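Take a look at the structure below.
Protein chains in written order, with this note's numbering: chain A, 1 to 302; chain B, 1 to 268.
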């Protein structure tokens, strides 16, 4: 039981980076960025491959950089070449599949055997005892969260937020939306790749299909968090993404343990929950309209 | 100051919807000029402002600002020195960002030499508070609230402040009070005048209100069918009444002025 809680927290913190990335692209920039699935695998692949070569720390940096590059390509496609934003993400996502295979030496998975990872290095410092994985995972995510909140408060960050909020205003305020969208997607995909990088070293392996559905799971985490915390300020939103991710992993653990829902069905359940949550305003409007219609028909007679 | 030299713009060329919106328009504004533009529906007033702001590039001719050729300068670069207000008060502010953040955005970009990672300082906040209090709308006590909670008039006043806090070289007003209720419109207009006077800003304003066009500023332009057909200033303008203006238009263009909103506003 104890072990389950610990694992849920660890995974929650590590995958929270994806929820934060989606907060950046989906909420801030108002772009559904589908680069995420392969971007996550890219992070894991780069991270594990370089860690296997003996540089676990450099591996994470390289993964983040690779993620930013993937974001740049998606941004380039949609801002400069006029590819619709969803399609731009899908195109990059598809192309990355091959890149990911290439990174892993044309094999569908790579593993770390005896090599050092961030986690083993941290364990050897002796900090945190048996909680060392959780402390490291939480540390990385909290650091990234603080960075994100800080970044969104800078002039560049404010410009990026304005770009997603009011395009008309942005052009009339000497902000180049091409630039802000590009920076925004680079940061968001760097966060996704960071998540992949940490998870890769945590699990000591990277798998070519390890990212399937991660974008929907990330959205689910974001929505769960927002439902609990509200969406009032940037700081709160980022905290919500982290909290949502942890809650999601707890639910996952509960389902896994109790088998209320067969674990094979989890992706379907997640997809339905996300679809319903995003559809909520439209559903509410429809319901209100039906109510009004019925009421006026009763009042007005036939 | 602003020199527009024989600019032309045709929308949808080669189609049935072809519209020659600007036909060899030339205009020269001196520093401190405050010119208002009136004209029929579709005369090209907003198009002229858009051409100056850089929403599109003109087909022919050139635009100079302070002696610099800005004909092919992109919109976002021009807006560093050209402030702009639209008719729709929702266009000028970001609804989900706070008043403070909106102000910071326009302030940080316009003030010289600020790096991309600069943040809102305590000093900036005090400055924003002081500027907001000049609007006399109580916004200085709501700096942490999202702009989406403000009324249209408050948002337009805020946009005005954002456009002029760091004085622009040129201010473009595109019927910026037309969508507001009369009381608020007066208030925003009064603020506009005050700010323009204080900074000696060169300004180009589109309006549908003929009284405004004659009372405000020092120059009145009339447009029709993509051309400037009337340009009055100085003594001639001082003694001009709305009916003189209409008469001038009739004799000059050879038809009646047809701007429904403009004619409606004459009653007021």
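Here a beta-carbon is modelled for each residue, glycine too, at the ideal position from N, C-alpha and C. Here the structure is a predicted model, which means the values were calculated and not measured.
Quiz item: Are the C-beta of residue 35 of chain A and some C-beta of chain B separated by less than 7 Å?
Solution: Locating residue 35 of chain A in the first chain gives position 35, where the first residue counts as 1. It does not: the Cβ of residue 35 of chain A has no partner Cβ on chain B nearer than 7 Å.
Exercise. Would you identify the three-state DSSP class for residue 192 of chain A, choosing helix, strand or coil?
Key: By one-based count along the first chain, residue 192 of chain A stands at place 192. Helix.
Quiz prompt | Proximal residues to residue 60 of chain B (C-beta, below 6 Å), its chain only, five neighbours per side dropped | solution = Reading the second chain from its first residue, position 60 is the one you call residue 60 of chain B. 8.
Quiz item: When the Cα atoms are used, what is the spatial distance from residue 62 of chain B to residue 28 of chain B?
Solution: Walking along the second chain from the start, residue 62 of chain B turns up at place 62. Walking along the second chain from the start, residue 28 of chain B turns up at place 28. Each residue's alpha carbon lies about 12 Å from the other.
Quiz item: What number of angstroms, rounded off, separates the C-alpha of residue 237 of chain A from the C-alpha of residue 83 of chain B?
Solution: As a first step, residue 237 of chain A is located in the first chain; it is residue number 237 there, counting from the start. As a first step, residue 83 of chain B is located in the second chain; it is residue number 83 there, counting from the start. Spanning the two alpha carbons is a distance of roughly 32 Å.
Exercise. Using DSSP bridges, identify the partner residues of residue 107 of chain B.
Key: As a position in the second chain, residue 107 of chain B is number 107, starting the count at 1. None, per the DSSP bridge assignment.
Practice problem: Compare the beta carbon distance of residue 88 of chain A and residue 74 of chain A with 7 Å and say whether it is the shorter of the two. | Solution: Counted from its first residue, the first chain places residue 88 of chain A at position 88. Counted from its first residue, the first chain places residue 74 of chain A at position 74. Their beta carbons are under 7 Å apart, which means residue 88 of chain A touches residue 74 of chain A by this criterion.
Quiz item: Which residue comes first and which comes last in the beta strand (DSSP E) that contains residue 237 of chain B?
Solution: Counting from one through the second chain, the residue named residue 237 of chain B turns up at place 237. Residue 237 of chain B -> not in any beta strand (DSSP E); alpha helix (DSSP H) instead, spanning 234–238.
Quiz item: Per DSSP, what kind of secondary structure is residue 34 of chain B in: helix, strand or coil?
Solution: Here residue 34 of chain B refers to the residue found at position 34 of the second chain. Residue 34 of chain B: strand per DSSP, three-state reduction.
Quiz item: Can the beta-carbon of residue 93 of chain A be found less than 7 Å from the beta-carbon of residue 207 of chain A?
Solution: Within the first chain, numbered from 1, the residue matching residue 93 of chain A stands at position 93. Within the first chain, numbered from 1, the residue matching residue 207 of chain A stands at position 207. It is not a contact, given that the beta carbons lie outside the stated cut-off.
Quiz item: For residue 210 of chain A, which residues in chain B fall below 9 Å Cβ to Cβ?
Solution: Against the first chain, residue 210 of chain A aligns to sequence position 210. Chain B residues near residue 210 of chain A: none, gap ~34 Å exceeds 9 Å.
Quiz item: Under 7 Å, do residue 156 of chain A and residue 74 of chain B count as touching if we go by C-beta distance?
Solution: On the first chain, residue 156 of chain A is found 156 positions in, with the first residue counted as 1. On the second chain, residue 74 of chain B is found 74 positions in, with the first residue counted as 1. Cβ distance not < 7 Å, so residue 156 of chain A and residue 74 of chain B don't count as in contact.
Self-check item: Any C-beta of chain B under 7 Å from that of residue 24 of chain A
Solution: Mapped onto the first chain, residue 24 of chain A falls at position 24. For residue 24 of chain A, the answer is no, since every Cβ of chain B falls outside 7 Å of its Cβ.
Quiz prompt | CA-to-CA distance, residue 99 of chain B to residue 121 of chain B, given in whole angstroms | solution = For the purposes of this step, residue 121 of chain B is taken as residue 121 along the second chain, with counting starting at 1. For the purposes of this step, residue 99 of chain B is taken as residue 99 along the second chain, with counting starting at 1. If I take the Cα positions, the gap works out to 15 Å.
Practice problem: Name, please, each residue of chain B whose Cβ falls closer than 9 Å to the Cβ of residue 244 of chain A. | Solution: Along the first chain, one-based indexing puts residue 244 of chain A at 244. Within 9 Å Cβ-Cβ: nothing; residue 244 of chain A doesn't reach chain B, min ~19 Å.
Quiz prompt | Which residues DSSP lists as bridging residue 146 of chain B, in chain order | solution = Numbered from its first residue, the second chain carries residue 146 of chain B at position 146. Bridge partners of residue 146 of chain B: B:98.
Practice problem: Could you tell me which of A:266, A:113, A:20, A:212 sits nearest to residue 306 of chain A, measuring between CA atoms? | Solution: Chain A is shown from 1 up to 302; residue 306 of chain A falls before or after that span and cannot be answered.
Exercise. Give every residue of the same chain whose Cβ lies closer than 6 Å to the Cβ of residue 268 of chain B, excluding the five residues on either side of it in the sequence, and list them in chain order.
Key: Here residue 268 of chain B corresponds to residue number 268 of the second chain, with the count starting at 1. Low per-residue confidence applies at residue 268 of chain B: pLDDT is 46, beneath 50, and the placement is therefore not dependable, though the value from the model is reported in the following sentence. Excluding sequence neighbours, residue 268 of chain B sits near nothing in its chain.
Quiz prompt | Delimiting residues of the beta strand (DSSP E) encompassing residue 58 of chain A | solution = Counted from its first residue, the first chain places residue 58 of chain A at position 58. No beta strand (DSSP E) holds residue 58 of chain A; the alpha helix (DSSP H) holding it covers 56–79.
Quiz item: If you drop the 5 nearest sequence neighbours on each side, which residues of the same chain put their C-beta closer than 8 Å to that of residue 1 of chain A?
Solution: By 1-based counting over the first chain, the position of residue 1 of chain A is 1. Cβ within range, chain order: n/a, list empty.
Quiz item: Going by beta carbon distance, what residues of the same chain come within less than 6 Å of residue 223 of chain A, once the five residues before and after it are set aside?
Solution: Start at 1 with the first residue of the first chain, and residue 223 of chain A comes out as number 223. Closer than 6 Å at the Cβ level, and outside the excluded window around residue 223 of chain A, lie 277.
Quiz item: If you measure from the beta carbon of residue 9 of chain B to each beta carbon in chain A, is any gap under 7 Å?
Solution: Locating residue 9 of chain B in the second chain gives position 9, where the first residue counts as 1. No, its Cβ sits nowhere closer than 7 Å to a Cβ of chain A.
Quiz item: Which term fits residue 260 of chain A, buried or exposed, when burial requires 16 or more other beta carbons within 10 angstroms of its beta carbon?
Solution: Taking the first residue of the first chain as 1, we reach residue 260 of chain A at position 260. Classification of residue 260 of chain A: exposed, given that the 10 Å Cβ count is below 16.
Practice problem: Write down every uninterrupted run of the alpha helix (DSSP H) in the stretch 6–86 of chain B whose length is 4 residues or greater and which is fully enclosed by it, in chain order. | Solution: 45–53, 75–78
Practice problem: Output, in sequence order along the chain, the residues in the stretch 79–100 of chain B whose CB is closer than 7 Å to any CB in chain A. | Solution: 79, 80, 84, 91, 92, 93, 94, 95, 96, 97
Quiz prompt | Inter-residue CB distance, residue 204 of chain A and residue 111 of chain A (contact presumed, cutoff 8 Å) | solution = Here residue 204 of chain A corresponds to residue number 204 of the first chain, with the count starting at 1. Here residue 111 of chain A corresponds to residue number 111 of the first chain, with the count starting at 1. The Cβ separation is near 6 Å, so the contact holds.
Quiz prompt | residue 60 of chain B beta carbon near the ligand GDP (any heavy atom closer than 6 Å) | solution = The ligand GDP is not part of the structure shown, which contains no ligands of any sort.
Quiz prompt | Members of the stretch 28–61 of chain B near chain A, C-beta cut-off 9 Å | solution = 53, 54, 55
Quiz item: Name the chain A residues that come within less than 8 Å of residue 104 of chain B, Cβ to Cβ?
Solution: To locate residue 104 of chain B, count along the second chain from 1; it is residue 104. Those are 155, 158, listed as they occur along chain A.
Quiz item: Span of the alpha helix (DSSP H) holding residue 44 of chain A?
Solution: By one-based count along the first chain, residue 44 of chain A stands at place 44. Residue 44 of chain A -> alpha helix (DSSP H) spans 36–52.
Quiz item: According to the neighbour-count rule (16 or more other Cβ atoms, all chains shown, within 10 Å of its Cβ), is residue 298 of chain A buried or exposed?
Solution: Taking the first chain and counting its residues from 1, one reaches residue 298 of chain A at position 298. Counting Cβ neighbours within 10 Å, residue 298 of chain A comes out exposed, since fewer than 16 surround it.
Practice problem: Anything in chain B within Cβ reach of residue 173 of chain A, meaning under 7 Å, just list it in chain order. | Solution: Taking the first chain and counting its residues from 1, one reaches residue 173 of chain A at position 173. Result: 79, 105, 106, 109.
Exercise. Take residue 53 of chain B and list the residues in its own chain whose beta-carbon comes closer than 8 Å to its own, dropping the five residues that flank it on each side.
Key: Counted from its first residue, the second chain places residue 53 of chain B at position 53. Only 75, 78, 79, 82, 84, 172 meet the Cβ criterion.
Practice problem: From the DSSP output, in three-state form, read off residue 227 of chain A for me. | Solution: Looking up residue 227 of chain A in the first chain gives position 227. Reduced to three states, the DSSP call for residue 227 of chain A is helix.
Quiz item: Is there a Cβ from chain A that is less than 7 Å from the Cβ of residue 16 of chain B?
Solution: In the second chain, counting from the first residue as 1, residue 16 of chain B sits at position 16. No, residue 16 of chain B does not count as interfacial toward chain A.
Quiz item: Taking Cβ-Cβ distances below 8 Å as the criterion, which residues of the stretch 113–145 of chain B are in contact with chain A?
Solution: 114, 115, 116, 117, 118, 119, 120
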